[in-house]
Amino acid sequence: MSESAAALIDHHPKVDELRLTERHALADLHAVLRLCDSGRLRCSDKTRRPAAASVVMIADTLSGGDFYPDEAIAAYAWPLLVQTGGLAEIVGGRLQLTARGRSALGKPAAEVIRGLWRSWITKAVLDELSRVEHIKGQRATNVLTSAKTRRQRVSAALATCRPGAWVELDDLFASMREAGLSPTVARSDRALWKLYLVDAQYGSLGYAGFGEWEILEGRYTLAVIFEYAATLGLVDVAYDEPDGARDDYHGNWGADHLDYLSRYDGLRAVRLNGLGAYALDLTASYRPPADAAPIRNLKVLSNLDLVATGELSPADRLVLDAYAKRTAERVWALTADTVLAAVAAGHTADQLRDFLGGRMEQPGLPATLLVLLDDVTARAGRLRDLGQVRLTNAPIRH
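UniProt numbering applies: residue 1 is where the sequence shown begins, and numbers increase by one.
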């Protein structure tokens, strides 16, 4: 942990990790959209959840990696978030960008993230409690309350946090209960008996002291904040390993042998940042942090070779692969044919122009590149999709 990061948390309990999520989310949004566009991400048509191999691929693409190296949180959340926001859809078992998703590539990332959060709290594709797998019985009929109502209360609770101030999770839990923002999980006392840990009979949460707020509503709140709000960069997070982080479930029958109740148990404190204040409509505008600007580590040679002079992010490599042919580890060859192929796949010459303009070391785009992009734009403009045509073959009479 850097000295500056450590200084930010010297007023609350020591933690193993601190992540300032804002700049990561701004970069990761485009990285995930590019992965969707590549057709390499698989999701279940039935559950809409990502395949294990796709989760690994996303984790490798995220600018800062996932929160834990061996536990999927952000990498699991991103495919669900872009589906919920209408930026991607499943076609033949693979995620592909929608028209809205392609449009999002050209919009300010903060604006898109705000839209994703608004979509998530109103129509998410799963109940976040399902990610707390140790709580059993969730699929029984008439057991759980509306997930939409629950997550909106968590969002409202985050909106009560003062931007820039760290809040420990236990303090947030207390303020939620006091403010009437509890995301009640069980529909009734009878429903509570159907939820359990370890054993349906002896581990039922209906027993006195077994279904405490921290176990149900608290774990639900942790899931929403850590897996979705933090992934979107709305809150900075201070966290430990989940193993042994909380012992509030040890009194439940048979549960004391569990290392943790949820993968989110290590979350200790959160801080609503500038992006979070914007997404929660606490501020009318947003200015990204200075370190969120892309690094200028590309050169465009006179022969239109694109040369990386430094380490490229996975997202930047995906963009270059879409528009050019890789000829060496750090070299891509740009031609009219490769750019036209990208345009045919749904990209635009203007997107490439903006991408290179923000990452080139030299000032201004070379004249040869401008000529190529103008030519491609003109040629692409002469092509129009007139729809499907049916060809028939009729015999010729002599």
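Ideal Cβ positions, reconstructed from N, Cα and C, are used throughout, including at glycine.
Since residue i and residue j should fall inside the 8 Å C-beta cutoff, what is the C-beta to C-beta distance between them, to a whole number of angstroms?
i	j	result
A349	T368	No, A349 and T368 are not in contact; Cβ-Cβ is about 14 Å, not under 8 Å.
L234	P163	Rounded, the Cβ-Cβ distance is 10 Å, inconsistent with contact.
Y239	E22	So it is not a contact: roughly 16 Å between Cβ atoms.
D66	A53	15 Å between Cβ atoms; not a contact.
G203	L192	Not really, about 12 Å apart at Cβ, beyond 8 Å.
V339	L352	7 Å
Y260	P242	4 Å
G153	L181	It should be noted that the sequence gives Arg, not Gly, for residue 153. Contact holds; Cβ gap of about 5 Å.
By how many angstroms is the C-alpha of residue j removed from the C-alpha of residue i?
i	j	result
Y286	C161	18 Å
A159	T283	11 Å
I90	L35	13 Å
P183	Y220	8 Å
G364	G358	10 Å
L95	R317	19 Å
A308	S146	49 Å
S38	A179	45 Å
R19	R268	12 Å
A336	L172	56 Å
R177	V132	21 Å
A124	D199	30 Å
V331	T149	50 Å
G244	D256	10 Å
Y278	L197	38 Å
A315	E168	33 Å
V15	D170	15 Å
residue 400	A230	What is shown of the chain runs 1 to 398, which leaves residue 400 out entirely.
E217	V185	6 Å
L312	N297	8 Å
I9	A156	Reliability of the predicted coordinates at I9 is poor, the pLDDT of 47 falling under 50, and the value obtained from them is presented with this limitation in mind. Roughly 24 Å separates the two Cα atoms.
A51	A328	31 Å
E111	I135	35 Å
Y228	L87	16 Å
G276	W117	10 Å
A208	R246	20 Å
D321	A342	9 Å
L356	R379	21 Å
V270	P366	45 Å
I295	D354	14 Å
D45	E361	44 Å
D236	D281	17 Å
A290	T47	39 Å
A324	G115	31 Å
E71	V56	10 Å
T98	G381	21 Å
Y76	W120	14 Å
E3	A293	Only weak support exists for where E3 lies, its pLDDT of 38 falling under 50; the coordinates are left without a value.
M1	W166	Residue placement at M1 cannot be trusted, given a pLDDT of 38 that sits under 50; the coordinates are not used to answer.
A6	G274	A caution first: A6 carries a pLDDT of 42, below 50, which makes its placement in the model too unreliable to give a value.
R42	G93	6 Å
According to DSSP, residue i sits in a beta bridge with which residue or residues?
i	result
R151	The partner list for R151 (beta bridge, DSSP) is empty, contrary to what the question assumes.
I135	L197
M360	L298
P50	C43
R219	According to DSSP, R219 bridges with nothing at all.
L372	Looking at the DSSP assignment, L372 forms no beta bridge with any residue, so it has no partner.
residue 404	This structure does not reach residue 404, given that the chain is present from 1 up to 398, and the question cannot be answered.
V307	K299 and V331
R19	V237
A186	L144
residue 399	Outside the displayed span of the chain (1 to 398) sits residue 399, for which this structure offers no information.
*How do the segment 58-67 and the segment 105-115 stand: do at least 3 beta-carbon pairs fall below 8 Å, yes or no?*
no
| message | List, from N- to C-terminal side, the alpha helix (DSSP H) runs of 4 residues or more that fit wholly inside the segment 139-184. | response | 147-159 and 169-178
Q: Decide yes or no for the touch test of the segment 25-35 against the segment 71-87: beta carbon pairs closer than 8 Å, at least 3 of them.
A: yes
Inspect the CB distances between the segment 200-216 and the segment 250-258 and report whether three or more fall short of 8 Å.
yes
Which runs of the alpha helix (DSSP H) fall wholly inside the segment 236-295 and span at least 4 residues, in chain order? 274-279
- Task: Kindly confirm or deny that the segment 129-149 and the segment 298-307 touch, where touching means at least three C-beta pairs closer than 8 Å.
- Result: no
When you compare the segment 221-231 with the segment 263-270, are there three or more beta-carbon pairs, one atom per stretch, that lie closer than 8 Å? yes
| task | Note down, one range per segment and in chain order, each beta strand (DSSP E) of at least 3 residues found wholly within the segment 45-117. | result | 88-91 and 94-97
Residue ranges of each beta strand (DSSP E) within the segment 313-347, 3 or longer
325-328 and 331-333
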